[in-house]
Amino acid sequence: MHLNLSIPGIRQSTEQRHRPLQLKHALQSVKAQLPLNQCLFLLATILLQIWILFSLIHSSPSKSPAGSQHLLANHQDCSSGKVYVYEIPRKFNYELVENCKELDPWKGTGCKVVANGGFGPPATGLESVVPENLIPAWYWTDMYSVELIYHERMLNHKCRTMDPNEATGFFLPFYAGIAVGRYLFTEFNYTYQDRDRYCEMFLDWLEEQPTYIKHKGVDHFIVLGRLTWDFRRLADNDGDWGTSFLYMPRMKNVFRLGVEKHDKDRLEESVPYPTGFHPRSEADIRQWQSHVRSQKRDSLFTFVGAKRHKIKNDFRGMLMDYCIDEEACRAVDCSAVMCSDGSPAVFDSFLHSDFCLQPKGDGMTRRSIYDCMISGAIPVYFWEGTFKDQYVWHLPWRSETFSVYIDNAGVRNSNGTMIREVLEGVHRENVRQMRETIIDLMPEIVYASRKEGLGNVRDAFDVTLDRVLKRLKARKWHLVSRNADDYEIFE
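Mapped onto numbering that gives the first Met the number 0, the consecutive letters of the sequence shown carry residue numbers 0 to 490.
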């Protein structure tokens with residue numbers, strides 16, 4: 000529970016503190032100069048006017064003219080600012096999607112990743128774990144598809160402006176993760192120039208735009224669909240991983256969003272991984288919350304993952320071996336079950352467990368954290384980097400209100416056995432409270448399927464756009480007021 004103890008108006012100026020006294024003297028003066036019956040009449044008139052004013056202020060909004068009410072709502076909804084979406088050359092986004100067969104040279108699943116605006120193909124086989132009327136809200140969504148999801152929503156958002164002069168933020172719909180992804184793996188003999196080519200071509204185009212030049216990119220932002228490390232190659236060596244996109248000089252002021260942030264980069268924030276659940280309405284959200292709350296959880300904890308045989312002392316492998324042998328744990332082996340985009344076995348395990356084990360993924364975080372939470376299971380972290388300073392716009396800053404942390408060194412030393420001991424030691428009331436916190440968070444950690452969002456309910460995209468526009472507004476103010484050093488604005 001978070002309590003905001005700062006009460007608006009509690010600090011009054013000297014003038015405000017003296018107003019009651021001044022009013023008292025004024026009334027005494029009037030009373031001395033007027034007969035009693037006139038004083039009573041004057042007092043009654045004042046009280047009547049106060050009552051009328053109070054009634055007007057607190058009257059139902061339905062009595063306001065419809066047009067005025069609509070305009071007021073729009074003004075309030077866009078109070079953080081408006082977003083301008085660049086129309087960039089198609090080769091940097093739409094053509095990548097159209098040529099989706101080239102995106103995955105290993106499995107040939109590239110077209111599934113970009114299907115349905117990044118949601119992927121409709122989910123199947125979920126009848127045993129999802130209410131029948133909610134199945135159309137589920138897709139097999141790839142964890143690296145946020146570039147498409149954010150672009151689609153940005154184009155249809157109520158705070159989008161077609162006038163760059165009105166914009167607080169400028170969105171760059173370059174699908175950098177998709178453009179770079181196919182060139183990452185060295186076994187295909189790609190060079191570092193291959194991995195940088197699309198990024199450099201895009202920046203060549205961007206630096207010619209007057210809106211970019213005007214504020215040096217300070218009010219620009221981009222969504223990156225892959226881990227931050229995929230964009231941070233330090234040296235120009237063919238054998239080194241990733242592209243150097245984020246270290247290119249023309250990106251130095253551009254704010255970036257991604258599914259995992261660099262813990263030392265103030266120009267980067269993390270947004271939730273997309274799960275398979277994309278509600279169509281507020282009713283979908285409420286029904287799913289009730290469904291999750293009603294589940295009988297007969298397992299203390301679960302682990303969904305696969306061993307990585309090429310990694311020495313693989314932590315995931317140790318967890319899997321422990322979980323298979325532990326009667327209190329449900330194990331889903333992703334080397335035998337397709338887990339990457341979701342499966343019935345994954346959600347069945349999460350829905351029937353109190354806790355879910357979340358070791359590091361390809362980076363410090365993994366998509367499974369969000370699959371776990373939308374199922375009402377409580378994530379168990381083993382590295383501080385998995386939760387510390389990640390997803391600060393979407394998750395409570397006090398991680399202990401919705402998760403458990405067990406240091407990986409202790410788990411390794413006990414060969415995993417301390418996990419059950421720690422989790423059994425969490426009081427049942429605390430488990431209930433943590434689950435309720437997670438259930439309450441659900442709307443803001445999923446991405447709606449409707450292009451215009453969920454109306455009165457904010458989803459993960461709405462939270463992100465509101466916060467990034469506020470951040471860009473502050474950065475621009477620092478630039479204009481010449482306090483650039485305070486906000487890491489580079490010349």
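Heads up, the beta-carbon is just placed ideally off N, CA and C, and yes, glycines get one too.
Where the alpha helix (DSSP H) through residue i begins and ends
i: S289; result: E281 to R292
i: Q357; result: First-last for Q357: S352 to Q357, but that is the beta strand (DSSP E), not the alpha helix (DSSP H).
i: A178; result: A175 to G180
i: R419; result: M417 to E423
i: C110; result: G109 to V113
i: V96; result: Y93 to E97
i: I221; result: No alpha helix (DSSP H) contains I221, which is instead part of the beta strand (DSSP E) from H219 to L223.
i: H477; result: A459 to V479
i: M200; result: Y191 to L205
i: T400; result: It is not in any alpha helix (DSSP H) - T400 carries neither H nor E in the DSSP assignment.
i: K213; result: P209 to K213
i: D76; result: A65 to D76
Same chain, Cβ closer than 8 Å to residue i, five either side skipped, listed in chain order
i: L52; result: Legend: pLDDT at L52 = 43, less than 50; position of this residue unreliable, value from coordinates given subsequently. Result list for L52: empty, nothing under 8 Å.
i: I544; result: The structure shown does not extend to residue 544, since the chain spans only 0 to 490, so no value can be given for it.
i: S480; result: none
i: D458; result: P278, P442, E443, V445, Y446, A447 and G452
i: N236; result: Y191
i: V82; result: M153, H156, C158, R159, T160, A166, T167, G168, F169, F170, L464 and L468
i: K475; result: T167, H214, V217 and D218
i: R449; result: R279 and S280
i: V379; result: F300, F354, C355, L356, Q357, S402, V403, Y404, I405, I418 and L422
Run of the beta strand (DSSP E) containing residue i, from where it starts to where it stops
i: I310; result: Segment: none, I310 is in no beta strand (DSSP E) and carries neither H nor E.
i: V430; result: Unbroken run through V430 is the alpha helix (DSSP H), R427 to L440; no beta strand (DSSP E).
i: Y83; result: V82 to V84
i: I405; result: Counting along the chain, I405 falls outside any beta strand (DSSP E), and DSSP gives it neither H nor E.
i: A330; result: C328 to D332
i: F254; result: F254 to G257
i: F169; result: G168 to L171
Simplified DSSP assignment, three categories, for residue i
i: I377; result: strand
i: P121; result: strand
i: R156; result: Strictly speaking, residue 156 in this sequence is His, with Arg absent from that position. Of the three classes helix, strand and coil, the one that applies to H156 here is coil, per DSSP.
i: E443; result: helix
i: H150; result: helix
i: S269; result: strand
i: W228; result: helix
i: S575; result: This structure does not reach residue 575, given that the chain is present from 0 up to 490, and the question cannot be answered.
i: V345; result: helix
i: F244; result: helix
i: L102; result: coil
i: L453; result: strand
i: F386; result: coil
i: F276; result: strand
i: Y143; result: coil
i: V336; result: coil
i: L26; result: Since pLDDT at L26 reaches only 42, below the 50 mark, its modelled position is unreliable, and the value read off the structure follows with that caveat. It is helical.
i: V303; result: strand
Beta-carbon contacts of residue i that lie in its chain and below 7 Å, excluding the five residues immediately before and after
i: M319; result: F302, G304, K306, A330 and D332
i: G241; result: L183, R194, W228, D229, F230, R231 and R232
i: E325; result: R419
i: V84; result: M153, L154, R159, F170 and P172
i: G409; result: M417
i: C110; result: C99 and K100
i: L471; result: T167, G168, D218, F220 and F254
i: Y189; result: Y182
i: Y369; result: P271, Y272, T274 and I444
i: H290; result: P130
i: Q288; result: I438 and M441
Any non-hydrogen atom of the ligand NAP within 7 Å of residue i CB
i: D203; result: In the structure on display, the ligand NAP does not appear, and there are no ligands present to speak of.
Sequence-distant residues of its chain with Cβ nearer than 6 Å to residue i (five each side left out)
i: G216; result: N252 and V253
i: D347; result: V128
Within-8 Å CB hit, residue i to chain E
i: P121; result: The displayed structure is made up of one protein chain only, and chain E is not part of it.
Quiz item: Would you say the segment 256 to 264 touches the segment 220 to 229, given that touching needs at least three Cβ pairs under 8 Å?
Solution: yes
Quiz prompt | Given 8 Å, three or more beta-carbon pairs between the segment 167 to 174 and the segment 124 to 132 | solution = no
Exercise. Check whether the segment 395 to 415 touches the segment 370 to 383, taking contact to mean three or more Cβ pairs, one atom from each stretch, closer than 8 Å.
Key: yes
Self-check item: Cβ contact (3+ pairs, closer than 8 Å) linking the segment 286 to 300 and the segment 355 to 375
Solution: yes
Quiz item: With a cut-off of 8 Å, do at least 3 Cβ pairs link the segment 386 to 395 to the segment 262 to 272?
Solution: yes
Quiz item: For the segment 84 to 97 against the segment 420 to 429, are there 3 or more C-beta pairs whose distance is under 8 Å?
Solution: no
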